[in-house]
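Just so it is clear: in the sequence shown, position 170 is 170 by UniProt numbering, and no numbers are missing. Cβ coordinates follow ideal geometry from the N, Cα and C atoms, glycine included.
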Amino acid sequence: MVYAIFSASVLLAIGAIYAGAIGWLYFRQERLLFEPDPLPQDDPICNDPDTREFFVEVPGARLSVAHMRRPDPRGVFFFLHGNSGNLKKWFVELDAFRQANFDVVMFDYRGFGKSSGQIESEEQLRADVLSVWQHFAPMYEGRRVVISGQSLGTGLAAGLAADLCSNGRAPDLTLLVSPYSSMKALAAELYPWVPIQVLRYPLQTLEHAAKLLGPVMLIHGEKDELIPIHHSEKLCSAMRSAQLLRVDGAGHSDVHRFPTVRKALLSALGRL
């Protein structure tokens, strides 16, 4: 009898701890998904003479935007970065785009860099992406449009590209670097003990990818242990016009530094 009561008490305690942990994850998962690095407002993002920085106003926040603009660009490369850092880390290595004669647009999510506010939902995050794009879209009427994302940003980029396709303005190229098929699928691999129902950021890249029109290019490091390459393989199999570049020796955070990636990027932009 004593043993049974003790066992029941232990099970109840374990259950309470587990339920508490799941509750914390549900309400505080932004701390796990996003690792913002704020910047002082007077700290320049980039000092290159052909770049500028400014803010785009959205409900409840001001989003920090960096824009490299060429005199007569062939198009624009609209890039959505990963879950950490800020534009000072991401808005770099621009010479390849100068060589291809493409403008570059990037922005920091809420709470990142000089952007104000906090990320509160996937819907809000996607609305911010669309607001920034809509600010620039009129500048690039009749020019080439590339929608791109890396890591976390791939789900957002696929969503934006799908929206453009549904509105009759399919991107000339959708480029996803180290993508995930969905955040739910990735979370199930990384945290199998967590019910996926508590994830408030499902970020269904595969669902959006299936709606994409036009060329799609996936780039993935073969040694990526954070988001394994099978996510790109699954995405690629769901799209008729997608190609996958497997980067030998590359992991998750260094894939964009490999010469094969720069060569593939220049080749892809040159064909547009």
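Boundaries of the beta strand (DSSP E) in which residue i is found, first to last residue
i       : result
Val-65  : 61-68
Ala-242 : 242-247
Arg-143 : Note, Arg-143: premise wrong, no beta strand (DSSP E); not H, not E.
Arg-169 : Looking at the DSSP string, Arg-169 is not in any beta strand (DSSP E), and its letter there is neither H nor E.
Nearest-angstrom Cα separation, counted from residue j out to residue i
i           : j       : result
residue 279 : Phe-34  : Residue 279 lies beyond the range of the chain shown here (1 to 272); nothing can be said about it.
Ala-127     : Arg-271 : 31 Å
Cys-236     : Ala-250 : 19 Å
Pro-44      : Phe-136 : 21 Å
Leu-245     : Gly-113 : 31 Å
Arg-52      : Leu-176 : 25 Å
Ala-21      : His-81  : Unreliable placement is indicated for Ala-21, whose pLDDT of 48 sits below 50; the coordinate value is still reported in the next sentence. Distance between the alpha carbons of Ala-21 and His-81 is about 29 Å.
Glu-233     : Asp-42  : 43 Å
Arg-110     : Ser-84  : 12 Å
Asp-72      : Val-104 : 13 Å
Leu-212     : Gly-159 : 9 Å
Pro-59      : Leu-218 : 33 Å
Val-65      : Phe-107 : 4 Å
Thr-174     : Arg-240 : 13 Å
First through last residue of the alpha helix (DSSP H) which encompasses residue i
i       : result
Ser-166 : 152-166
Phe-97  : 95-100
Val-132 : 122-136
Of the residues the options, the one placed nearest residue i, counting alpha carbons only
i       : options                               : result
Gly-168 : Glu-141, Val-105, Tyr-180 and Arg-31  : Glu-141
His-252 : Arg-144, His-220 and Leu-265          : His-220
Leu-186 : Ile-227, Lys-223, Lys-211 and Gly-149 : Ile-227
Leu-203 : Tyr-180, Ala-100, Asp-37 and Glu-189  : Tyr-180
Asp-48  : Gln-150, Thr-260, Leu-164 and Leu-94  : Leu-94
The stretch 89-96 touching the stretch 114-131, judged by at least three CB pairs closer than 8 Å: no
Complete runs of the alpha helix (DSSP H) confined to the stretch 215-267 [at least 4 residues]: 230-237
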